[in-house]
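Heads up: the sequence lines are chains R and L, in that order. Each residue of the first sequence is one higher than the last, beginning at 3 in our numbering. Each residue of the second sequence is one higher than the last, beginning at 24 in our numbering. Reviewing the structure listed below.
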Amino acid sequence: DAGVIQSPRHEVTEMGQEVTLRCKPISGHNSLFWYRQTMMRGLELLIYFNNNVPIDDSGMPEDRFSAKMPNASFSTLKIQPSEPRDSAVYFCASSFTGDYGYTFGSGTRLTVV
Amino acid sequence: TQLLEQSPQFLSIQEGENLTVYCNSSSVFSSLQWYRQEPGEGPVLLVTVVTGGEVKKLKRLTFQFGDARKDSSLHITAAQPGDTGLYLCAVSGSARQLTFGSGTQLTVLP
């Protein structure tokens with residue numbers, strides 16, 4: 003298995019633009035998590051899905067952020083409009099219910115200028 | 024207040040030295056995980072501990088879960104430059120969502 007695949011690896015965009023981050027979880031995993039990592043706040047859980055259904059989005063910073071999981075093999079995290087304070091590394095992770103550990107992707111480094 | 028407090032925040036040592044990093048909380052957990060994150064990559068699971076007092080070994084790494092299941096430690100023997108990275112502890116919520124500590128950034132100098 004290729005692991006959790008995220009794209010793009012790097013994204014530089016101007017303030018106000020829409021940004022879409024993509025994630026392909028490991029086949030057979032039924033839980034998917036989006037995290038954001040910054041130096042100041044560490045790893046923060048934004049939202050997670052179980053069997054493609056959003057379970058808890060209380061970590062989403064504000065209405066500018068949205069996430070979807072249209073099927074078991076794909077999820078997106080969208081920021082519209084983007085702001086400089088959204089600059090961070092965004093990670094997607096997946097797991098199988100009953101397993102303790104997550105498998106993380108390599109992340110998307112987002113820079114909003 | 025952080026749910027998980029990790030210490031030290033930064034640690035720089037010479038190759039061959041031993042070290043211990045800590046993960047502490049005032050809460051009791053059913054399980055605790057340790058991850059290592061290298062630059063430009065996502066965290067990678069090292070171990071899960073579930074029983075109070077449990078000790079697990081992974082080559083030169085020894086993980087211990089406190090008797091009261093509120094804290095954990097990671098000991099590395101004879102550290103090598105390849106051990107350099109950010110060490111994160113994490114605990115599960117009711118729906119298995121993970122909350123991470125702020126991490127210990129370890130640098131092992133050759």
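Even for Gly, the Cβ is constructed at its ideal location relative to N, Cα and C.
>> Beta carbons nearer than 8 Å to chain L: which residues of the region 86-105 of chain R have them?
In response: Taking 8 Å as the Cβ-Cβ cut-off against chain L, the residues of the region 86-105 of chain R that qualify are F93, A95, S97, T99, Y102, G103, Y104, T105.
> Hey, out of L/F86, L/L111, L/T74, whose CA is closest to L/T122's CA?
Replying inline: Measuring from the Cα of L/T122, the nearest candidate turns out to be L/L111.
>> Within the continuous beta strand (DSSP E) that includes L/Q128, where are the two ends?
In response: It spans 127-132 - the beta strand (DSSP E) in which L/Q128 sits, taken as one unbroken run.
> In three-state terms, what does DSSP make of L/D94?
Replying inline: In this structure, L/D94 counts as strand in the three-state DSSP scheme.
>> Which residues in chain L have a C-beta closer than 8 Å to the C-beta of R/S33? List them in chain order.
In response: Chain-ordered, the chain L residues with CB closer than 8 Å to the CB of R/S33 read R119.
>> So R/Q19 and R/P83 are supposed to be a Cβ contact under 8 Å. How far apart are they, rounded?
In response: In this structure, R/Q19 and R/P83 form a Cβ contact; the two beta carbons are roughly 7 Å apart against a cut-off of 8 Å.
> Mind checking whether R/F98 and R/Q39 have CB atoms under 8 Å apart?
Replying inline: No, the pair does not count as a contact, with Cβ atoms beyond the cut-off.
> Can the beta-carbon of R/N32 be found closer than 8 Å to that of R/N53?
Replying inline: Closer than 8 Å, so yes.
> How would you label L/P62, buried or exposed, when you count the other beta carbons within 10 angstroms and need 16 or more for buried?
Replying inline: Its Cβ having fewer than 16 others within 10 Å, L/P62 is exposed.
> Under three-state DSSP, which class holds R/P27?
Replying inline: DSSP places R/P27 in coil when its eight states are reduced to three.
> Looking at C-alpha atoms only, which residue of R/T78, R/T22, R/D88 is the closest neighbour of R/F1?
Replying inline: Because chain R here runs from 3 to 115, residue 1 of chain R falls outside it and cannot be looked at.
> Does DSSP classify R/D58 as helix, strand or coil?
Replying inline: DSSP places R/D58 within a strand segment (E or B) once states are collapsed to three.
> Which residues in the same chain as R/P56 place their Cβ atom closer than 8 Å to its Cβ, once the five residues preceding and following it in sequence are excluded?
Replying inline: Only I49, Y50, A69, M71 meet the Cβ criterion.
> Quick one: Cα of L/L129 to Cα of L/L27, how far?
Replying inline: Going from the Cα of L/L129 to the Cα of L/L27 covers about 18 Å.
>> Whole angstroms are fine: how far does the CA of L/V67 sit from the CA of R/I28?
In response: Distance between the alpha carbons of R/I28 and L/V67 is about 14 Å.
> First and last residue of the beta strand (DSSP E) that includes L/V114?
Replying inline: 108-115 is the span of the beta strand (DSSP E), which, as asked, contains L/V114.
> Which residues mark the beginning and the end of the beta strand (DSSP E) in which L/L68 is found?
Replying inline: Per DSSP, L/L68 belongs to the beta strand (DSSP E) from 67-72.
> Closer than 8 Å, Cβ to any Cβ of chain L: which residues of the region 38-70 of chain R, in chain order?
Replying inline: For the region 38-70 of chain R, residues whose beta-carbon sits nearer than 8 Å to a beta-carbon of chain L comprise G44, L45, L47, Y50, N52, I57, D58.
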